[in-house]
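Asks: For what it's worth, my numbering labels the leading residue of the sequence shown as 34, then goes sequentially.
Positions of the beta carbon are idealized from the N, C-alpha and C atoms, including for glycine.
Here it is, the structure in full.
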Amino acid sequence: MQPFKPENPMPHPPPAPATSQPALNRRRFLAGAGATALGFSVVSPELVRGAGANSKIDLGLIGCGGRGTWILDLFKKHGGYNVVACADYFQDKADQAGAKHGIPEAMRFAGLYGYRRMLEKVDAVAIESPPFFHPMQGADAVAAGRHVYLAKPAAVDVPGCQSIAESGRRATARKLAFLVDFQTRAQPAYMEAVKRVHAGAIGKPISGESTYQCSLYFQGMDDQYRKNAGNPEARVRAWAVDRVLSGDVITEQNIHSLDVCTWILDAAPLRAFGTGGRARPFAGDCWDHFAVIFWFPNDVLISFSSKQVGRYWDDIQCRIYGTEGTIDTHYGGAVVVHCDDKYNGGQTNRIYAEGAENNIKTFYDSIARGDFRNPTVAPSVRSNLTTILGRTAAYARREVTWDDMMRQAEKWEFPLGALKA
Numbered sequence: 034m035q036p037f038k039p040e041n042p043m044p045h046p047p048p049a050p051a052t053s054q055p056a057l058n059r060r061r062f063l064a065g066a067g068a069t070a071l072g073f074s075v076v077s078p079e080l081v082r083g084a085g086a087n088s089k090i091d092l093g094l095i096g097c098g099g100r101g102t103w104i105l106d107l108f109k110k111h112g113g114y115n116v117v118a119c120a121d122y123f124q125d126k127a128d129q130a131g132a133k134h135g136i137p138e139a140m141r142f143a144g145l146y147g148y149r150r151m152l153e154k155v156d157a158v159a160i161e162s163p164p165f166f167h168p169m170q171g172a173d174a175v176a177a178g179r180h181v182y183l184a185k186p187a188a189v190d191v192p193g194c195q196s197i198a199e200s201g202r203r204a205t206a207r208k209l210a211f212l213v214d215f216q217t218r219a220q221p222a223y224m225e226a227v228k229r230v231h232a233g234a235i236g237k238p239i240s241g242e243s244t245y246q247c248s249l250y251f252q253g254m255d256d257q258y259r260k261n262a263g264n265p266e267a268r269v270r271a272w273a274v275d276r277v278l279s280g281d282v283i284t285e286q287n288i289h290s291l292d293v294c295t296w297i298l299d300a301a302p303l304r305a306f307g308t309g310g311r312a313r314p315f316a317g318d319c320w321d322h323f324a325v326i327f328w329f330p331n332d333v334l335i336s337f338s339s340k341q342v343g344r345y346w347d348d349i350q351c352r353i354y355g356t357e358g359t360i361d362t363h364y365g366g367a368v369v370v371h372c373d374d375k376y377n378g379g380q381t382n383r384i385y386a387e388g389a390e391n392n393i394k395t396f397y398d399s400i401a402r403g404d405f406r407n408p409t410v411a412p413s414v415r416s417n418l419t420t421i422l423g424r425t426a427a428y429a430r431r432e433v434t435w436d437d438m439m440r441q442a443e444k445w446e447f448p449l450g451a452l453k454a
């Protein structure tokens with residue numbers, strides 16, 4: 034049986050910027066008029082070259098919300114990191130995280146660009162802020178010579194994805210680690226199942242389905258946002274129900290299932306047709322359900338659907354049907370390859386923590402060994418752009434091609450000038 038090899042793994046990948054202008058100009062483009070030129074110190078030479086096996090990495094957190102504060106526990110548990118600083122737009126958020134993790138008050142930074150002052154104090158950053166800010170923060174961290182551990186999704190729009198791709202390339206050139214944290218790609222059962230598919234276990238992929246069905250999330254954020262709807266700072270606090278800051282649910286959350294789909298197929302879609310809407314009365318402007326058909330290379334057709342409303346049914350699933358079998362994966366559930374040589378990966382109950390733990394270990398090992406290939410960046414950009422293609426088609430309720438999306442390169446804007454620097 035011949036391994037499955039897609040003809041076109043990533044059609045028309047994000048091109049490198051055609052300019053040779055300094056990185057600061059790109060940051061100004063992303064950040065708007067509020068961006069300021071900063072002089073960054075350079076990371077300690079031993080961490081650029083690769084730290085010794087017993088070295089500890091001074092880590093700072095950007096984005097002190099629920100996941101950011103939680104993931105610091107995992108960095109501490111690893112044992113290879115000193116958590117020394119944190120930054121958030123809101124001082125109270127930075128103080129809460131700082132108090133929990135024993136970070137001195139002088140190392141808690143606030144404001145839109147407070148993280149830039151923090152970059153002078155650390156060797157690496159974990160970026161857990163709203164996705165809209167990831168491209169700017171990632172580019173600044175690399176420019177400062179800092180290693181980057183980045184939450185998914187990498188960005189909310191095409192220019193943001195292009196910026197992340199460029200930051201990944203620049204990180205490799207500067208001998209820096211840049212890792213995007215998808216739990217599925219670091220979970221052993223998922224890894225083995227996908228490996229078997231790529232080796233030909235299910236034959237030629239024919240079609241599949243990708244779903245993200247969950248109950249109502251972020252009600253607390255929406256309740257708070259109603260008290261001051263439209264205010265830029267209120268939008269930042271309620272970022273998960275704000276389309277621009279989150280990328281909408283298809284990009285911010287549904288990317289988990291679509292990332293697995295593009296990983297299994299090792300390809301990006303050629304075009305998509307979609308629809309969707311809102312069923313719940315949120316004050317935010319995100320949709321709560323999507324339905325999209327994706328056309329992939331080799332005539333593979335994928336049906337995607339998601340909901341973030343209702344009760345009693347939750348599943349993050351990707352199932353691909355081939356000429357010789359089927360791969361069936363569930364985030365937090367079973368991972369199975371149904372074929373002549375069946376693989377049963379069992380349940381993935383700890384995937385949320387286990388995937389992050391494995392990525393944190395990989396991040397440390399990459400720095401310690403001086404391995405700066407940064408292989409998570411390109412597939413993360415690919416799946417991110419896949420969600421944007423589906424979102425664009427759904428908003429327009431018509432077919433949109435990958436070429437259309439990349440050519441239009443729609444940039445989403447937020448009034449950064451209304452926020453405190």
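For Cys-247, which option in Ile-297, Gly-423 and Gly-365 has the closest C-alpha, if you only look at C-alpha atoms?
Replies: Your numbering for residue 247 matches position 214 in the sequence shown. Cys-247 has its Cα closest to that of Gly-365, out of Ile-297, Gly-423 and Gly-365.
Asks: CB-CB under 7 angstroms to His-289, same chain, minus the five flanking residues each way: which ones, in chain order?
Replies: On the sequence shown, residue 289 is found 256 positions in, with the first residue counted as 1. Closer than 7 angstroms at Cβ, skipping near neighbours: Thr-217, Tyr-245, Ile-349 and Tyr-364.
Asks: Do three or more CB pairs link the stretch 201 to 215 to the stretch 431 to 439 at distances below 8 angstroms?
Replies: Contact fails: fewer than three Cβ-Cβ distances are below 8 angstroms.
Asks: Could you tell me the alpha carbon to alpha carbon distance between Phe-142 and Gln-170, rounded to whole angstroms?
Replies: As a first step, residue 142 is located in the sequence shown; it is residue number 109 there, counting from the start. As a first step, residue 170 is located in the sequence shown; it is residue number 137 there, counting from the start. The alpha-carbon atoms of Phe-142 and Gln-170 are separated by roughly 14 angstroms.
Asks: Going by DSSP in three states, Asn-115 sits in which element: helix, strand or coil?
Replies: On the sequence shown, residue 115 is found 82 positions in, with the first residue counted as 1. It is a strand residue.
Asks: Spatial neighbours of His-134 within its chain, please: CB distance less than 7 angstroms, with the 5 preceding and 5 following residues excluded, ordered by chain position.
Replies: Mapped onto the sequence shown, residue 134 falls at position 101. Closer than 7 angstroms at Cβ, skipping near neighbours: Leu-105 and Val-116.
Asks: Inspect the beta-carbon positions of Val-155 and Leu-107 and report whether they are closer than 8 angstroms.
Replies: Taking the sequence shown and counting its residues from 1, the one referred to as residue 155 is at position 122. Taking the sequence shown and counting its residues from 1, the one referred to as residue 107 is at position 74. No, the pair does not count as a contact, with Cβ atoms beyond the cut-off.
Asks: Give the C-beta separation of Ala-401 and Ser-88 to the nearest angstrom, bearing in mind that I take them to be a contact with Cβ-Cβ under 8 angstroms.
Replies: Within the sequence shown, the letter at position 368 stands for residue 401. Within the sequence shown, the letter at position 55 stands for residue 88. At roughly 7 angstroms, the Cβ-Cβ gap stays under 8 angstroms, so Ala-401 and Ser-88 are in contact.
Asks: With DSSP run on the structure shown, which of helix, strand or coil describes Trp-346?
Replies: As a position in the sequence shown, residue 346 is number 313, starting the count at 1. Here Trp-346 sits in coil by DSSP.
Asks: Since Trp-445 and Val-277 are thought to touch, with beta carbons under 8 angstroms apart, how far apart are those beta carbons, to the nearest angstrom?
Replies: Residue 445 sits at position 412 when you count from the first residue of the sequence shown. Residue 277 sits at position 244 when you count from the first residue of the sequence shown. 5 angstroms between Cβ atoms; contact.
Asks: Among Ile-239, His-322 and Ala-312, which one has its Cα closest to the Cα of Thr-356?
Replies: Your numbering for residue 356 matches position 323 in the sequence shown. Considering only alpha carbons, the answer is Ile-239.
Asks: Let me check one thing: in DSSP terms, what residues is Ala-305 bridge-paired to?
Replies: Reading the sequence shown from its first residue, position 272 is the one you call residue 305. Phe-327 and Val-433.
Asks: Would Thr-419 pass as a contact of Pro-302 if the rule is Cβ separation under 8 angstroms?
Replies: Translated into the one-based positions of the sequence shown, residue 419 becomes position 386. Translated into the one-based positions of the sequence shown, residue 302 becomes position 269. Contact: yes.
Asks: May I ask you to list the residues that DSSP assigns as paired with Glu-242?
Replies: Numbered from its first residue, the sequence shown carries residue 242 at position 209. Ser-336 and Arg-352.
Asks: What residue from Leu-422, Asp-347 and Arg-431 has the CA that sits closest to Val-191's CA?
Replies: Taking the first residue of the sequence shown as position 1, residue 191 is located at position 158. That would be Leu-422, whose Cα lies nearest to the Cα of Val-191.
Asks: Taking 8 angstroms as the CB-CB cut-off, is Phe-315 touching chain D?
Replies: Structure shown: chain D not included; a single protein chain is present.
Asks: Under the assumption that Ser-243 contacts Phe-337 (Cβ atoms under 8 angstroms), give the Cβ distance between them as a whole number of angstroms.
Replies: Locating residue 243 in the sequence shown gives position 210, where the first residue counts as 1. Locating residue 337 in the sequence shown gives position 304, where the first residue counts as 1. Yes, they are in contact, since the Cβ atoms of Ser-243 and Phe-337 sit about 5 angstroms apart, within 8 angstroms.
Asks: Within the stretch 191 to 216, note down every full beta strand (DSSP E) run reaching 3 residues or more, in order along the chain.
Replies: Segments of the beta strand (DSSP E) lying fully in the stretch 191 to 216: 211 to 214.
Asks: Just how far apart, CA to CA, sit Ala-451 and Arg-270?
Replies: For the purposes of this step, residue 451 is taken as the residue at position 418 of the sequence shown. For the purposes of this step, residue 270 is taken as the residue at position 237 of the sequence shown. Spanning the two alpha carbons is a distance of roughly 14 angstroms.
Asks: Between the Cα of Phe-123 and the Cα atoms of Gly-144, Met-140, Asp-275 and Gln-286, which residue gives the shortest distance?
Replies: Start at 1 with the first residue of the sequence shown, and residue 123 comes out as number 90. Among Gly-144, Met-140, Asp-275 and Gln-286, the Cα nearest to that of Phe-123 is on Gly-144.
Asks: Please state the DSSP three-state secondary structure of Cys-319.
Replies: As a first step, residue 319 must be located in the sequence shown, where it is residue number 286. In the structure shown, Cys-319 sits in coil (DSSP, three-state: anything other than H, G, I, E or B).
Asks: Whose C-beta lies closer than 7 angstroms to the C-beta of Glu-443 among residues of the same chain, with five residues either side of it excluded?
Replies: Position 410 of the sequence shown holds residue 443. Within the same chain, Glu-443 has close Cβ partners Asp-190 and Val-191.
Asks: Smallest Cα separation from Lys-185: which of Ala-176, Tyr-146 and Phe-165?
Replies: Working through the sequence shown from its first residue, we reach residue 185 at position 152. Taking only the C-alpha atoms, the option nearest Lys-185 is Phe-165.
Asks: With a threshold of 8 angstroms on Cβ separation, who are the neighbours of Glu-432 within its own chain once the five nearest residues in sequence on each side are excluded?
Replies: Within the sequence shown, residue 432 is the residue found at index 399, counting from 1. Closer than 8 angstroms at Cβ, skipping near neighbours: Arg-304, Ala-305, Phe-306 and Ala-426.
Asks: Within 10 angstroms of the Cβ of Ser-53, are there 16 or more other Cβ atoms? Answer buried if so, exposed if not.
Replies: Within the sequence shown, residue 53 is the residue found at index 20, counting from 1. Residue confidence is low: Ser-53 scores 30 on pLDDT, short of 50, so the model does not pin down where it sits. No coordinate-derived value is stated.
Asks: Spatial neighbours of Asp-281 within its chain, please: CB distance less than 7 angstroms, with the 5 preceding and 5 following residues excluded, ordered by chain position.
Replies: Sequence index remark: in the sequence shown, residue 281 carries index 248 (1-based). Excluding sequence neighbours, Asp-281 sits near Cys-319, Trp-320 and Arg-424.
Asks: DSSP has Asp-121 in a bridge; who is on the other side?
Replies: Taking the sequence shown and counting its residues from 1, one reaches residue 121 at position 88. Paired residues: Ala-143.
Asks: Do Asp-225 and Tyr-114 have their CB atoms nearer than 8 angstroms?
Replies: If you number the sequence shown from 1, residue 225 lands on position 192. If you number the sequence shown from 1, residue 114 lands on position 81. Checking the sequence, you will find Glu at residue 225 rather than Asp. No, the Cβ-Cβ distance between Glu-225 and Tyr-114 is not below 8 angstroms.
Asks: Find the nearest neighbour of Ala-139 within the set Tyr-148, Lys-126, Ala-118 and Pro-448, judged by alpha-carbon distance.
Replies: Within the sequence shown, residue 139 is the residue found at index 106, counting from 1. For Ala-139, the nearest C-alpha among the options comes from Ala-118.
Asks: Between the beta-carbon of Glu-285 and the beta-carbon of Ala-267, is there less than 8 angstroms?
Replies: Here residue 285 corresponds to residue number 252 of the sequence shown, with the count starting at 1. Here residue 267 corresponds to residue number 234 of the sequence shown, with the count starting at 1. Not in contact: Glu-285 and Ala-267 (Cβ atoms no closer than 8 angstroms).
Asks: Of all the options Ala-130, Val-158 and Gly-96, which has the alpha carbon lying nearest to the alpha carbon of Ile-13?
Replies: This structure cannot settle anything about residue 13, because the visible part of the chain is limited to 34 through 454.
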